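6 protein chains.
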Amino acid sequence: MPKVTVHRKAHFNAAHRLYRKDWSDEKNFAVFNKCSNPNYHGHNYELIVSLTGEIDATTGYVYDLGKLKDLIKSEIEECFDHKNLNIEVDEFKELNPTAENICVVTYQKLRKHLPTDLDLKITLYETPRNFVSYSGE
Amino acid sequence: MPKVTVHRKAHFNAAHRLYRKDWSDEKNFAVFNKCSNPNYHGHNYELIVSLTGEIDATTGYVYDLGKLKDLIKSEIEECFDHKNLNIEVDEFKELNPTAENICVVTYQKLRKHLPTDLDLKITLYETPRNFVSYSGE
Amino acid sequence: MPKVTVHRKAHFNAAHRLYRKDWSDEKNFAVFNKCSNPNYHGHNYELIVSLTGEIDATTGYVYDLGKLKDLIKSEIEECFDHKNLNIEVDEFKELNPTAENICVVTYQKLRKHLPTDLDLKITLYETPRNFVSYSGE
Amino acid sequence: MPKVTVHRKAHFNAAHRLYRKDWSDEKNFAVFNKCSNPNYHGHNYELIVSLTGEIDATTGYVYDLGKLKDLIKSEIEECFDHKNLNIEVDEFKELNPTAENICVVTYQKLRKHLPTDLDLKITLYETPRNFVSYSGE
Amino acid sequence: MPKVTVHRKAHFNAAHRLYRKDWSDEKNFAVFNKCSNPNYHGHNYELIVSLTGEIDATTGYVYDLGKLKDLIKSEIEECFDHKNLNIEVDEFKELNPTAENICVVTYQKLRKHLPTDLDLKITLYETPRNFVSYSGE
Amino acid sequence: MPKVTVHRKAHFNAAHRLYRKDWSDEKNFAVFNKCSNPNYHGHNYELIVSLTGEIDATTGYVYDLGKLKDLIKSEIEECFDHKNLNIEVDEFKELNPTAENICVVTYQKLRKHLPTDLDLKITLYETPRNFVSYSGE
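Chains as they are written, first to last, in our numbering: chain E, 5 to 141; chain A, 5 to 141; chain F, 5 to 141; chain C, 5 to 141; chain Z, 5 to 141; chain W, 5 to 141.
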């Protein structure tokens, strides 16, 4: 059967700051600039989850996008939406919540709930002009 | 010469329903949910056709996008636009018109009119949040 | 208190055809062109609901957009989404479901559930290039 | 001379929470839901500033959009971008930073720097689906 | 009948420069900055044409958007698309082609072909961040 | 460390014409159609610069997007923005400024300023419907 990629968009809003606990405020500002503001700032994150695999001959689906929507809701939106990533999300308590790291964490959280014969790719927009993507390499 | 991908966007509006003739309405609803509505529903499909190949040294083009626009119009828009895909498009008389299958059929319809040294990829948005892509694998 | 307009976007997918029962297929085609296809076609309708009124000094809200989201869901999305407007929506059994008429019907369905001191405006995108708006005049 | 409206888009990212200091966390959650998260959340705010007035016969401009861009930068972006609105912006120390109130404050901050013969309107997107507008009424 | 506004989007690409023939290059640069480049620069102009009037009870249309599309094509796109506005468009031979003036000229060119009982408004995007609107005042 | 792609969007406005000096106006028109207009036309070019590499364990960045923004500004925007590509940009004095060629030139101009262990890809929108991409092959 043909190998097709299916994509589902989702979004969440969150606060964060970029910094290392073992650096001074000055060093954090030198490296992360205004993104290191100790009082936090935030974003409307737009997320694209992409799954690649063969079309199921019975249904014509690679993966039911309604099921994928529900999975993104339970695994990602409920954990990240309207949250302070640094304070309230376990994965970022010791990991700097850069777009790169949020993208990798999103990949890891979804990967374990998806069939192993489907390839997964995550694209994450932090702003309309800055975005990142990760496919497990 | 450098190998570049050129992309052209197009769109069409159509009605469809997702179902299998050999299943009951109940089973179709269980699998395809409201997409199986026997009275049809519809979408504004957005299409991206992508061609990869070497730049022609004489023109600076990989492929004339005006020519590609015309090809998409004659092969895809005239067949799908303002149509009921299940009833009026031959390819879907026995094939469930999921986004995945529409994407593969679009690929097949265009592939035979394009030079064999150009790679083809189709991306099809069924809604702004659900989309699929296929490159002939 | 300042008078502010709050807007909420929503969407639904539906099938429809434009025609008059008292006209022949030929006349319907002459007036409504391919939109009169007897087998239907469809759209991803994008909806913007706008409410104008004074800011509530206690909450800082004109109207709770979460409540508006729920109202749009129960009154509009549940009635129109994944439906055939001509066959399954009472309001269009005798009324041609042009974008103009869908916009007016949406206004009427929401108006009765909203406080009378708020002005209501509806904007409805039938395609990214064709849209209509209505504010009760 | 013809009366034309000129519009300029800008954006800023910020953290905020919606709450009243004189209410309990429970009451704040009951009214503002997850937007009242004491650890803050955030948005990519998109801003449209609109000025209406007669075209200047000499330049063909209503107002130099380069000058407007600089004004938005110094008065709005430098105050709001990458900030915690509740903690770091004076106007919101006693005022709940709802989209409505941010829109009115933006209006007031810009109004005093603009010629009195130009009408001003502010549109503020808190998310792609929620936005507000204010024109000084 | 309800009074509704119907909108149609179109676009054209053109070159232009902003300047006054009776000013020196220095003065033109001081006022119009890099937009005065004597070698021209260009834009993808996005156009929205809006017509307000009563719904026709027979058709459910305010104005046939297919007819409006054709009118925009013959009156605007064929005159402006892939043109140098300063050199090739009569209206701008003595008039500075600012977004404001292009918007007013577009209004005047369309106004005379449209029924007098319909109100007309033109919105013109020069870039995604700079746009203007005019409704004949 | 995980290998992630970071993307930064930018834009510039420019005039150009497509033609070969060694061809007649008739031949240029036959091949490049209205894009060969000797008086030029123009576009709002949207640019996406994508860098792929391992996340730096210390910062959580693949590459500082603020630094990338500055590099795009100095190497691309300052050279192309509000310019006539054929006349004012050295690279296009003998090279036809098709979207393909602009994309390759952008790649070459940025490549030499970026670390060799990062892969580079350029995507260039000439219009919202026509775009190209190049990754150095």
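All C-beta atoms, glycine included, are put in the ideal place defined by N, C-alpha and C. Quantities reported herein were computed from a predicted structural model and do not represent experimental measurements.
Item, Value
"Residues of its chain near Val66 of chain A, where Cβ-Cβ distance is below 8 angstroms and the 5 sequence neighbours each way are ignored", "Val8, Thr9, Val10, Leu55, Thr56, Gly57, Glu58, Ile59, Asp60, Leu122"
"Neighbour list for Phe135 of chain E in chain W, Cβ cutoff strictly below 7 angstroms", "His11"
"Amino acids of chain D, ordered along the chain, whose beta-carbon sits closer than 8 angstroms to that of Val108 of chain F", "As a matter of chain content, chain D is missing from the structure shown, whose protein chains are E, A, F, C, Z and W."
"Interface partners of Tyr65 of chain Z on chain F, CB under 8 angstroms", "Thr102, Glu104"
"Selected residue, minimal CA-CA separation from Ala34 of chain W, among W:Asn43, W:Tyr23, W:Tyr44", "W:Tyr23"
"DSSP-derived helix/strand/coil call for Ile126 of chain C", "strand"
"Cβ-Cβ distance between Asn17 of chain W and Asp85 of chain W below 8 angstroms", "yes"
"Rounded straight-line distance, which links the Cα of Pro119 of chain E to that of Asp74 of chain Z", "50 angstroms"
"Cutoff 6 angstroms; reference Asn105 of chain C; Cβ partners in own chain excluding five residues on either side", "Leu99"
"Validate contact between the stretch 109–119 of chain E and the stretch 125–134 of chain Z using beta carbons, cut 8 angstroms, 3 pairs", "no"
"Residue span of the beta strand (DSSP E) that contains Asn17 of chain A, given as start and end", "7–20"
"Residues near His45 of chain Z in its chain [Cβ-Cβ closer than 8 angstroms; skip 5 each side]", "Ala19, His20, Arg21, Lys38, Cys39"
"Distance between Ser137 of chain W and Cys83 of chain W (C-alpha atoms, nearest Å)", "20 angstroms"
"Bounding residues of the alpha helix (DSSP H) (the contiguous stretch that carries Phe33 of chain F)", "29–36"
"Residue span of the alpha helix (DSSP H) that contains Thr56 of chain C, given as start and end", "Taken as a continuous stretch (DSSP letters only), Thr56 of chain C belongs to no alpha helix (DSSP H), being part of the beta strand (DSSP E) at 45–58."
"Distance between beta carbons of Lys13 of chain A and Glu50 of chain A, contact taken as under 8 angstroms", "7 angstroms"
"Proximity test, Cβ basis, 8 angstroms: Leu22 of chain A and chain W", "no"
"Buried versus exposed, by CB contacts within 10 Å (16 or more), Thr62 of chain F", "exposed"
"Which of helix, strand or coil DSSP assigns to Ser137 of chain E", "strand"
"Closer than 8 angstroms to chain E by CB, Cys39 of chain C", "yes"
"is_contact[Leu118 of chain E, chain A] using C-beta, thresh 8 angstroms", "no"
"Interface flag, Leu2 of chain A vs chain W, CB-CB below 8 angstroms", "Chain A is shown from 5 up to 141; residue 2 of chain A falls before or after that span and cannot be answered."
"Terminal residues of the alpha helix (DSSP H) in which Cys107 of chain F lies", "103–115"
"Gly64 of chain E to Asp26 of chain A span [Cα, whole Å]", "14 angstroms"
"Within chain Z, partners of Gly188 of chain C - CB distance below 7 angstroms", "Residue 188 of chain C lies beyond the range of chain C shown here (5 to 141); nothing can be said about it."
"Contact list for Ala18 of chain C against chain E, beta-carbon separation under 8 angstroms", "His45, Gly46"
"Residue environment, His117 of chain Z, which counts as buried when at least 16 other CB atoms sit within 10 Å", "exposed"
"CB contact flag (Thr127 of chain Z, Ile52 of chain Z, <8 angstroms)", "yes"
"C-alpha distance - Ser78 of chain E paired with Asp68 of chain E, whole-angstrom precision", "16 angstroms"
"Neighbour flag for Glu141 of chain A against chain E, beta carbons, 8 angstroms", "yes"
"Glu92 of chain A: contacting residues in chain F (beta-carbon distance under 9 angstroms)", "Asn41, Asn43"
"Close beta carbons around Cys107 of chain W, own chain, < 6 angstroms, minus the five adjacent residues each side", "Ile126, Leu128, Val136, Tyr138"
"DSSP bridge partner residues for Asn88 of chain F (one or two, in chain order)", "F:Ala19"
"CB contact check: Tyr49 of chain A to chain E, cutoff 8 angstroms", "no"
"Anticipated Cβ contact below 8 angstroms, Asn48 of chain C with His47 of chain E, distance rounded", "5 angstroms"
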